[in-house]
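See below for the structure under consideration.
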Amino acid sequence: MTAFLCRTCGDDQKKNFYKTARYQCKSCWNKRTAASQKEKVLKVKKQYGGKCIKCGYDKSLEALVFHHRDPMQKEFNLGAKRGYSIEKLKPELDKCDLICSNCHIEIHSGEYHSQIVRESMACPAGIEPTFAG
Numbered sequence: 000m001t002a003f004l005c006r007t008c009g010d011d012q013k014k015n016f017y018k019t020a021r022y023q024c025k026s027c028w029n030k031r032t033a034a035s036q037k038e039k040v041l042k043v044k045k046q047y048g049g050k051c052i053k054c055g056y057d058k059s060l061e062a063l064v065f066h067h068r069d070p071m072q073k074e075f076n077l078g079a080k081r082g083y084s085i086e087k088l089k090p091e092l093d094k095c096d097l098i099c100s101n102c103h104i105e106i107h108s109g110e111y112h113s114q115i116v117r118e119s120m121a122c123p124a125g126i127e128p129t130f131a132g
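The structure is reproduced here in structure tokens:
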């Protein structure tokens with residue numbers, strides 16, 4: 000009898016298992032954790048109002064994102080902390096607004112275009128601007 004046996008799909012090939020999870024193969028483990036993560040994100044979005052604070056969009060929770068109000072206060076990217084509990088994420092979530100993807104793009108598009116204008120107006124290193132006059 001093998002020490003590795005997936006309770007979900009029946010796989011028993013050792014190479015398909017993580018060292019610490021002998022009861023579920025990598026594929027089934029990843030599907031389960033992805034589904035759990037998705038449920039957690041949807042729950043949090045509902046807790047934070049379930050709609051865009053800018054335009055009121057509320058048709059799909061999946062189209063809503065958390066946007067940091069002040070990027071200088073951002074301690075970490077929420078998406079990078081997948082395994083964190085809601086309690087651990089709450090201080091960072093409280094620094095964010097829930098907005099729809101369209102409004103999020105508009106916010107960052109304005110920031111991006113402002114940066115391009117600033118960079119295009121800057122002189123290359125070592126070159127002093129000259130003014131006609």
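Numbered continuously in numbering that gives the first Met the number 0, the sequence shown closes out at residue 132. We put the beta carbon where it would ideally sit given N, CA and C, even for glycine. Bear in mind the structure is a predicted one, so any value in this text is a computation, not a measurement.
In this structure, does DSSP put residue i in helix, strand or coil?
i                 : result
alanine 62        : helix
phenylalanine 130 : Because the pLDDT at phenylalanine 130 is just 48, under 50, the model does not fix this residue reliably, and the point stays unresolved.
leucine 97        : strand
lysine 50         : coil
In its own chain, which residues sit with a C-beta less than 8 Å from the C-beta of residue i, not counting the 5 before and 5 after it?
i             : result
asparagine 76 : none
Closer than 6 Å by C-beta to residue i: which residues in its own chain qualify, once you throw out the five before and the five after it? Chain order, please.
i            : result
glutamine 36 : Arg81
methionine 0 : Caution is warranted here: a pLDDT of 48 is assigned to methionine 0, below 50, making its placement in the model unreliable, and the coordinate value is therefore given only provisionally. If we look at methionine 0 and ignore the five residues flanking it on each side, it has no Cβ neighbours.
Would you mind sorting residue i into buried or exposed? The rule is 16 or more other CB atoms within 10 Å of its CB.
i             : result
histidine 66  : buried
glutamine 46  : exposed
aspartate 57  : exposed
histidine 103 : buried
Excluding sequence positions up to five away, which residues of its chain have a Cβ less than 7 Å from the Cβ of residue i?
i             : result
aspartate 96  : Ile52, His66, Arg68
aspartate 10  : Cys24
isoleucine 85 : Lys39, Val43
Quick check on the DSSP output: the alpha helix (DSSP H) that includes residue i runs from which residue to which?
i           : result
leucine 41  : 25–46
leucine 145 : No information on residue 145 is available, as it lies outside the stretch 0 to 132 that the chain covers here.
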